[in-house]
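*Asks:* Here you go, one structure.
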Amino acid sequence: MSDHVYKSIEVTGSSTESVDDAVRKAVAKASQTVRNLEWFEVGDVRGHIADGAVAHFQVTVKLGFKLD
1165 MSDHVYKSIE VTGSSTESVD DAVRKAVAKA SQTVRNLEWF EVGDVRGHIA DGAVAHFQVT
1225 VKLGFKLD
């Protein structure tokens, strides 16, 4: 097994549907410009309330990618 070095970044995804959907949107968007994504870690979960109901879920996700 070879050694790997990783770098991590944080992004925040949002969704009107769910926390899961917000995470998936964050990963999908980051994967368009960041190579070698290998793991994620959910950090903060926040939301926006409008008219007494949840309008958006906001999730900060730490993403790890292997350096070339």
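Under our numbering, the residues of the sequence shown are numbered 1165 to 1232, in order.
Note that the Cβ used here is the ideal one computed from N, Cα and C, for glycine as well.
It should be emphasised that the depicted structure is a prediction, and the values quoted were computed from it without experimental measurement.
Count the other CB atoms, across all protein chains shown, that sit within 10 Å of the CB of VAL1169; report buried if there are 16 or more and exposed otherwise.
*Replies:* Within the sequence shown, residue 1169 is the residue found at index 5, counting from 1. Exposed.
*Asks:* At which residues does the beta strand (DSSP E) containing ASP1167 begin and terminate?
*Replies:* In the sequence shown, the residue the question calls residue 1167 occupies position 3. Here ASP1167 belongs to no beta strand (DSSP E), and DSSP marks it neither H nor E.
*Asks:* For VAL1225 and ASP1167, what's the separation of their Cα atoms in angstroms?
*Replies:* Residue numbering aside, residue 1225 sits at position 61 when the sequence shown is read from its first letter. Residue numbering aside, residue 1167 sits at position 3 when the sequence shown is read from its first letter. VAL1225 and ASP1167: Cα-Cα distance of roughly 24 Å.
*Asks:* Bridge partners for GLU1174 per DSSP, in chain order?
*Replies:* Translated into the one-based positions of the sequence shown, residue 1174 becomes position 10. According to DSSP, which records beta bridges pairwise, GLU1174 is partnered with LYS1226.
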